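> Structure in structure tokens, see below.
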Amino acid sequence: MKRVMFFVFIIQSLCLGSCEKKIPSACNVENPIENIQWLKEEVEQAGTTYYHLQVYSFYFENRELLLINKEGYYWCIKDCCGNLICHQGDFEGDCSDEIIRATSDKTLIYEYNTSIYDPKK
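Residues are numbered in the numbering used here as their position in the sequence shown, beginning at 1, plus a constant of 206.
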């Protein structure tokens, strides 16, 4: 009986813990999409222009940076103040190989994804 109760307790704990939606943090800010003004503007622009947007956080040389991926063919890296570090596009870019390798260990903090164009919005 103790084993059954323990098993039930574990299942309940897992269910309750996984139901909470964690608000991501980046740049030492809780909910950076709302609380970092330049990043909030990037997200709002994605909503009005109907392009896909992903925002990732990663570290390079002990510094947190944000990778902003627009439409999958253009992305840029900015610091927490919104200063452009580098960018990559279809055929051009100025990001070093080192910083590109650092992006392999990135964390998604926001995604806006739409494939439906609705001019009434």
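Beta carbons are placed, not taken as given, at the ideal position from N, Cα and C, and that holds for glycine.
Bear in mind the structure is a predicted one, so any value in this text is a computation, not a measurement.
Rounded to the nearest angstrom, what separates GLY288 and ASP296 at their Cα positions?
What you label residue 288 is simply residue 82 of the sequence shown in a count that begins at 1. What you label residue 296 is simply residue 90 of the sequence shown in a count that begins at 1. If you take the alpha carbons of GLY288 and ASP296, they lie about 22 Å apart.
> Please classify ASN319: does DSSP put it in a helix, a strand, or coil?
Residue mapping note: residue 319 aligns to position 113 of the sequence shown, counting from 1. Coil.
> Along the chain, where does the alpha helix (DSSP H) containing ILE305 start, and where does it finish?
The count along the sequence shown starts at 1 and reaches residue 305 at position 99. Start and end: 303-308.
> Determine the DSSP secondary structure at ILE242, reduced to helix, strand or coil.
On the sequence shown, position 36 is the one that residue 242 refers to. If DSSP states are grouped into helix, strand and coil, ILE242 belongs with coil.
> In angstroms, rounded to a whole number, what distance separates the CA positions of GLN294 and ASN275?
Mapped onto the sequence shown, residue 294 falls at position 88. Mapped onto the sequence shown, residue 275 falls at position 69. Cα to Cα, GLN294 sits roughly 10 Å from ASN275.
> Does the Cβ of LEU314 have 16 or more other Cβ atoms within 10 Å, making it buried, or fewer, making it exposed?
What you label residue 314 is simply residue 108 of the sequence shown in a count that begins at 1. Burial call: exposed.
> From VAL249 to TYR262, what does the alpha carbon distance come to, in whole angstroms?
Counting from one through the sequence shown, the residue named residue 249 turns up at place 43. Counting from one through the sequence shown, the residue named residue 262 turns up at place 56. So the alpha carbons of these two residues sit roughly 13 Å apart.
> Using alpha carbons as the reference points, say which of HIS258, PRO230, CYS301 lies closest to ASN319.
Within the sequence shown, the letter at position 113 stands for residue 319. Comparing Cα positions, the closest option is HIS258.
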